[in-house]
Amino acid sequence: MVLPMLLILAWVAALPLYKSIYYSFTNVSLNDLATFDFVFFQNYLDYFEGEWYGVLSDSLWWYSVYNTILFAVISVSLETILGTLLALIIHSQFKGRGIIRATILVPWAIPTIVSAKMWAWMLNDQFGIINDLLLRLNLISESIAWTSNTTTAFFTIIVVDVWKTTPFMALLILAGLQTLPKDCYLVARVDGINPVKVFFKVTLPLLKNTIMVAVIFRSLDALRIFDLIYVLTPNNETTVSMSVYVRQYLFDFDRFAYGSAASTLLFLIISMLTISYVHFGKLKLN
Amino acid sequence: MFKKTILSVFVILGFFVNVHAATVSIASGSVGKDIQLLREYLDLWEQKTGNKGEITSLPASTTDQFAQYKIWLGAKNSDIDLYLLDVIWAPQIPQHFVDLSRVARKEAKEHFPAIIKSQTVGRKLVALPFFTDAPMLYYRTDLLNKYNESPPKTWSDLKRIAKKIQDAERQAGNDKLWGFVFQGNAYEGLTCDALEWVNSYGGGQIVANNGKITINNSRAVNAISFISTFVGDISPPGVLSYQEEESRGVWQLGNAVFMRNWPYAYSLGNADDSPIKGKFDVVTLPQGSGRGSKSAATLGGWNVGVSAYSKNRQAAIDLAKFLSGKEIQKLNAIKGSKLPTIPSLYQDQEILKVAPFFATMQSVLKEAVGRPSAGTKSKYNEVSKEFWTAVHAVLSGRKTAEVSLADLERRLKRLRGRSW
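Sequences listed follow chains A and B, in order. Under this note's numbering, residues 140 to 425 are what the first sequence spells out, in order. Under this note's numbering, residues 20 to 439 are what the second sequence spells out, in order.
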């Protein structure tokens, strides 16, 4: 039972990974994946006639790393806070709770590419409903081009991502909430402790593990952010993420090997961040 | 015995039907009503040959489209038989297409020699012309008449007129009106637009045909910094995310005085449901100022190439010839205002009746500016991306034109490395 599963896993996960690492040491082109020469680390770093070349010397690559990490930190923090609040609300008893629980999941259930396109239309500066709404409410004096304006583009991506993924966080945290022992709360109520204090002294410490796991899931996802950016602000350098950078070199430009090098680095960065996060989290838990 | 004969007749008939009715699939982008028209042409071909034609539609952004093509072709995908190719693509990936120089020797002679040459690599004819393209300046005749202006000759004229009409009309309550829309999104279209600005100021190509990087010059700086003053003034700030269809959206709702776009918008603007039907006309794009200034239009155009991995090669070649032939080119000119690649069609009265501007287009095409794909070879896409990124940075106010073009020159040198 175990062996076939391992084989399948090797085939769908290990083989592609191995191939892209392998290609990153060559000069292969997408036009012909069969013929290439080995160039070793030239795609990563190369010194030629007084100039550094390769992914590691490209300022845009480092900018995309910075962008991705900033995006992950901000969006995951917001989603965790909002998700916890949402989970607490739908955890309490009220009429129509089942329906509310189901509807909250809708943003997360829509394929990202669809919801991103939907947001792109809503955010459009000429026919978008969001500008229309804000104009009617006199909150802005003229239409804002949310996705093309360099100051609002990054912020817009974060808002849409938070809209989309908060339900997922809420769901995970709700599952955690439902496993908490009821007696702690009974004791707290008998002692007449105020609910805010109960939350910080009882709920949060007990929920810590659940939140940790949820944050790992989300961070891994956020560090690979691609579809939202690809639909909302394609090719805009101010919002370039690691995945967007990689795709551009793999498919838009004739530099498959260089793109493979970048995707190998992406893999390394994400695994390093995850390992250190898990490690750091464990220390704290103990 | 009798049964057997009947059976074998059916088998033979079936065999014939199979041989003759091939299904050919064609990949095409989806700007304007391209897909709808292509479907009509395929129907004609189906009636004529008994084959079937299928369309695989791709995004409107040509940058995305080309990336998808390369993935399919790189994987030797046999699901797509024909590809509609932008004029600059065929020379970049000739190995994936069937050589048409022999099978279409007669047909190739009917087209403009320059276009056939642009689709020829070495001796291989990679694709047959479907239509050619050169952008124009669309203007609102009603608004220009109202304010007693004639179509602008230079970019500064355009700015002045646009500003005047926009301000006056907004005062009169038409507060959604903008002066000028173009393609300012960071993609291949911006490369086309900005190449025109630079050329109209005499700033040359980005990279010359001999591979020399020439973009960092004072005329190019003047051109790009002047146009960048449009954004937020006579052009909506959102123009920085507009492709062809977004700018047409603003224009066709009647919310722009001027628009830079390809000829396809002409027939759409004159459609029965268009608010601006009969209220606009087109002229050649404005000139820059200073020495060497001229009107410049980037050469576009689409061609149809037969995939080397097609399993229906004969039928596919037949469809390619049919689409590039006179009958379809004429239909495409009348219904889609697409510029033919067959010279005699420019004198065709039926076409000129629907689109009078075709009479002047032949001279525009002669002067049209090619994108620097010859000098940069397979690195063209990356050069183009560096260029549109540099221009986008200026339009959005992140950098001055001087700084941005100097950065661009550095990045292009880096990109060139040992050679293009």
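Ideal Cβ positions, reconstructed from N, Cα and C, are used throughout, including at glycine. As the structure is a prediction and not an experimental result, all values here were calculated from the model.
Across which residues does DSSP place residue i in a beta bridge pair?
i: residue 167 of chain B; result: Partner(s): none; residue 167 of chain B has no beta bridge.
i: residue 280 of chain B; result: B:155
i: residue 224 of chain B; result: Paired residues: none, contrary to the question.
i: residue 199 of chain B; result: B:277
i: residue 347 of chain A; result: In DSSP, residue 347 of chain A forms no bridge with anything.
i: residue 187 of chain B; result: Beta-bridge pairing links residue 187 of chain B to no other residue.
i: residue 143 of chain B; result: B:140
i: residue 217 of chain A; result: Per DSSP, none; premise fails for residue 217 of chain A.
i: residue 358 of chain B; result: B:151
i: residue 46 of chain B; result: B:75, B:102
i: residue 317 of chain B; result: B:388
i: residue 171 of chain A; result: A:168
i: residue 408 of chain B; result: Per DSSP, none; premise fails for residue 408 of chain B.
Taking the beta carbon of residue i as the centre, do at least 16 other beta carbons fall within 10 Å, making it buried, or is it exposed?
i: residue 372 of chain A; result: buried
i: residue 381 of chain A; result: buried
i: residue 300 of chain A; result: buried
i: residue 188 of chain B; result: buried
i: residue 66 of chain B; result: exposed
i: residue 141 of chain A; result: exposed
i: residue 105 of chain B; result: buried
i: residue 182 of chain A; result: buried
i: residue 218 of chain A; result: buried
i: residue 249 of chain A; result: exposed
i: residue 143 of chain A; result: exposed
i: residue 237 of chain A; result: exposed
Once you ignore the five residues that flank residue i on each side, which residues in its own chain have a CB closer than 6 Å to its CB?
i: residue 287 of chain B; result: 51
i: residue 246 of chain B; result: 216
i: residue 244 of chain A; result: 306
Here's a check: name, in chain order, each residue in its chain whose Cβ is nearer than 8 Å to the Cβ of residue i, leaving out the five neighbours to either side.
i: residue 211 of chain B; result: 154, 202, 317, 319, 390
i: residue 232 of chain B; result: 225, 226, 428, 431, 432, 435
i: residue 206 of chain B; result: 80, 81, 82, 262, 407
i: residue 359 of chain A; result: 409, 413
If you follow the alpha helix (DSSP H) that residue i is part of, which residue opens it and which one closes it?
i: residue 312 of chain A; result: 289-317
i: residue 258 of chain A; result: 251-261
i: residue 125 of chain B; result: 124-127
i: residue 219 of chain B; result: 207-219
i: residue 368 of chain A; result: 366-371
i: residue 271 of chain A; result: 268-275
i: residue 322 of chain A; result: 321-330
i: residue 62 of chain B; result: 53-68
i: residue 339 of chain A; result: Where residue 339 of chain A is concerned, there is no enclosing alpha helix (DSSP H), given that its DSSP letter is neither H nor E.
The beta strand (DSSP E) that contains residue i, what's its start and end?
i: residue 155 of chain B; result: 155-159
i: residue 185 of chain A; result: 185-187
i: residue 190 of chain A; result: 190-192
i: residue 73 of chain B; result: 71-76
i: residue 104 of chain B; result: 101-105
i: residue 299 of chain B; result: 299-302
Rounded to whole angstroms, what's the CA-CA distance from residue i to residue j? Just pull it up for me.
i: residue 327 of chain A; j: residue 405 of chain A; result: 47 Å
i: residue 336 of chain A; j: residue 325 of chain A; result: 14 Å
i: residue 291 of chain A; j: residue 199 of chain A; result: 20 Å
i: residue 275 of chain B; j: residue 262 of chain B; result: 15 Å
i: residue 399 of chain A; j: residue 83 of chain B; result: 19 Å
i: residue 319 of chain A; j: residue 419 of chain A; result: 24 Å
i: residue 345 of chain B; j: residue 68 of chain B; result: 17 Å
i: residue 413 of chain B; j: residue 256 of chain A; result: 27 Å
i: residue 329 of chain A; j: residue 345 of chain A; result: 19 Å
i: residue 208 of chain B; j: residue 94 of chain B; result: 27 Å
i: residue 235 of chain A; j: residue 276 of chain A; result: 31 Å
i: residue 261 of chain A; j: residue 155 of chain A; result: 37 Å
i: residue 173 of chain A; j: residue 269 of chain B; result: 47 Å
i: residue 288 of chain A; j: residue 170 of chain A; result: 36 Å
i: residue 170 of chain B; j: residue 315 of chain B; result: 16 Å
i: residue 265 of chain A; j: residue 222 of chain B; result: 33 Å
i: residue 364 of chain A; j: residue 386 of chain B; result: 44 Å
i: residue 299 of chain B; j: residue 323 of chain B; result: 32 Å
i: residue 359 of chain B; j: residue 395 of chain A; result: 36 Å
i: residue 424 of chain B; j: residue 240 of chain A; result: 54 Å
Short of 7 Å in beta carbon distance, which residues of its chain neighbour residue i, apart from the five on each side in sequence? Order them along the chain.
i: residue 114 of chain B; result: none
i: residue 394 of chain B; result: 226, 227, 228, 229, 230, 439
i: residue 222 of chain A; result: 305, 308, 309, 312
i: residue 72 of chain B; result: 43, 45, 61, 64, 65, 338
i: residue 107 of chain B; result: 390, 392, 399
- Selection of the stretch 408-431 of chain B by Cβ proximity to chain E, strictly under 7 Å: Note that chain E does not occur in the displayed structure, where the protein chains are A and B.
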